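Each residue of the sequence shown is one higher than the one before, starting from 2 at the first, in the numbering used here.
Everything below concerns the one structure shown next.
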Amino acid sequence: MIVLRAKGVEFEVTHITADAKPEWFLEISPHGKVPVLWVDDEVLFESCAITEFLDETVKPRLHPMDPIKRARNRAWTDFTPDFSKSLGAVSYAETKQTQEKAAENARPALARLEEALTVERGNAGPYFNGRDLCIVDAAYAPFLMRFTLIENLCETGTMKDFPKVDSWRQALVDDDIVKGSVVPEFLEVFENNLRKRNAYAAKILDKNLRQIN
Ligand SMILES: N[C@@H](CCC(=O)N[C@@H](CS)C(=O)NCC(=O)O)C(=O)O
């Protein structure tokens, strides 16, 4: 969605509920996962493959023109699953103790990204490649957006020793393309998902809500 929005493409979105996937979706999605992209009569799947297709076929190019930089961008995009797993463990921890442990365990992944933003990036940001949103940004933004909500609730301090990651996170959550990439009821869906997963963050959320009411 972020890449489609960054390219100003016209598109329609159909949201799929994970525990009620329609038959037509299971028929077109080989792994039963989102995202899939329907282009004319073809269906593409896997977010990296979809992103690369869009970048090759629709302007403006979001990948750097320099092949070395492009390869390095792809390499950092490939790190997204490891990174999101580390942050996800903090987000969905069921107790304060397991959340603290998960925040500690997330440090190596955060340190690697901090290093990438320090050495590899070689620019002052605010995005991964500098002043314009790129594919690495699009890959990490959904996870950093969700983590920001968790941090607002739980104040884990997970990013306090990683200032470059933290300011990158802030730039992404403040970006209009990123902000508009989720459904209007995103917050409610996310909060209900935390409750369903019995996350500690949901307990803080509901305690805060009780105090307000
Ligand atoms: N490697 C895949 C991962 C896709 C993926 O895990 N999608 C999740 C949502 S972010 C999903 O569809 N989960 C539902 C399920 O696994 O049943 C990609 O990048 O497209």
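Note that beta-carbon positions come from the ideal geometry of N, C-alpha and C, so glycine has one too.
In this text, all values refer to a predicted model and were calculated from it rather than measured experimentally.
Residue i and residue j closer than 7 Å at C-beta
i, j, result
"Val179", "Ile3", "yes"
"Ser87", "Ala110", "yes"
"Val14", "Val59", "no"
"Glu116", "Val166", "no"
"Thr159", "Ala112", "no"
"Pro31", "Phe46", "yes"
"Thr99", "Tyr141", "no"
Alpha-carbon to alpha-carbon, residue j and residue i
i, j, result
"Cys49", "Lys8", "16 Å"
"Ala103", "Val35", "26 Å"
"Glu105", "Trp39", "40 Å"
"Ser182", "Ala139", "10 Å"
"Ala94", "Arg211", "21 Å"
"Ile69", "Thr149", "32 Å"
"Asp41", "Leu27", "19 Å"
"Glu156", "Ala90", "15 Å"
"Leu118", "Pro143", "18 Å"
"Lys197", "Thr52", "31 Å"
"Gly33", "Glu43", "16 Å"
"Pro65", "Ile213", "48 Å"
"Lys161", "Glu101", "13 Å"
"Asn124", "Trp169", "12 Å"
"Leu55", "Arg71", "15 Å"
"Glu186", "Asp67", "39 Å"
Anticipated Cβ contact below 8 Å, residue i with residue j, distance rounded
i, j, result
"Ala202", "Ser92", "6 Å"
"Leu206", "Leu145", "Going by Cβ atoms, the distance from Leu206 to Leu145 rounds to 19 Å, so no, they are not a contact pair."
"Asn74", "Val137", "5 Å"
"Leu5", "Leu63", "At roughly 11 Å, the Cβ-Cβ gap does not stay under 8 Å, so Leu5 and Leu63 are not in contact."
"Pro127", "Ala172", "4 Å"
"Arg147", "Phe191", "6 Å"
"His16", "Val184", "6 Å"
Counterpart residues of residue i in DSSP-defined beta bridges
i, result
"Gly131", "Tyr128"
"Glu57", "The partner list for Glu57 (beta bridge, DSSP) is empty, contrary to what the question assumes."
"Phe46", "Val37"
Closer than 7 Å to chain B by CB, residue i
i, result
"Cys135", "No chain B appears in the structure shown, which is made up of a single protein chain."
Any non-hydrogen atom of ligand 2 within 6 Å of residue i CB
i, result
"Ala125", "Questions concerning ligand 2 fall outside what the structure shown contains, since the ligands it does hold are ligand 1."
Relative to ligand 1, what is the chain-ordered list of residues with a Cβ closer than 5 Å to any of its non-hydrogen atoms?
Ala19, Lys34, Val35, Glu47 and Ser48
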